[in-house]
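Colleague: In terms of numbering that gives the first Met the number 0, the sequence shown has 40 at position 41, counting the first letter as 1, and numbering is strictly consecutive. Virtual Cβ for every residue (Gly too), placed ideally from N, Cα, C.
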Amino acid sequence: MTISAGNASAAIVKNEEKVSFTMTENQKEFMMSDDSNPNRFPSQFGYRFTIFDAEGCTIHARLFRLSLSGNEITLSQKDFTGNHFDFSATDQAEAMPYKNHYLELTKDQGCGEVKVKGLYGYQFDELYEY
């Protein structure tokens, strides 16, 4: 989508991965680099998921990146209990250009096989002045 106003315009650019999986293990992790944003425009890293077969189960979602010293820096954390349809399990946090960002999904002990499908990745506003 591009929006123009006077001598400037902006476009929302997305760099997202589609996923569809069954959580048979207690934890699943994804990583993506923010190298699709060479001009360092403000960007967000996040996800939009549909979660099903999760009756009585809680999925803990955490967005984080690593510091130069290797420490995890949590950007956002959310819990989703039960089923979430139509990509309603969603979150995003401000990203840093040229850094790897991570999404970690953890299900509670005793949960069965939970199905997850949707998108995760970056979204940034590309600004143009002319």
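Between E16 and M31, how many whole angstroms is the CB-CB distance? I'm expecting something under 8 Å.
Modeller: 7 Å between Cβ atoms; contact.
Colleague: Could you say which of F48, N14, R39 lies nearest to F20 if we only look at CA atoms?
Modeller: The option with the nearest alpha carbon to F20 is F48.
Colleague: Would Q43 and Y121 qualify as a contact pair, given that the criterion is a beta-carbon distance under 8 Å?
Modeller: Their beta carbons are under 8 Å apart, which means Q43 touches Y121 by this criterion.
Colleague: Can you look up F40 in the DSSP assignment and give me helix, strand or coil?
Modeller: In the structure shown, F40 sits in coil (DSSP, three-state: anything other than H, G, I, E or B).
Colleague: When you compare only the Cα positions, how much space is there between A88 and D107?
Modeller: The straight-line gap from Cα to Cα measures roughly 16 Å.
Colleague: My understanding is that L104 touches Q26, with C-beta atoms under 8 Å, so please give their C-beta distance in whole angstroms.
Modeller: That belief holds up - the Cβ atoms of L104 and Q26 are roughly 7 Å apart, short of 8 Å.
Colleague: Does K98 come out as helix, strand or coil in the three-state DSSP assignment?
Modeller: Reduced to three states, the DSSP call for K98 is coil.
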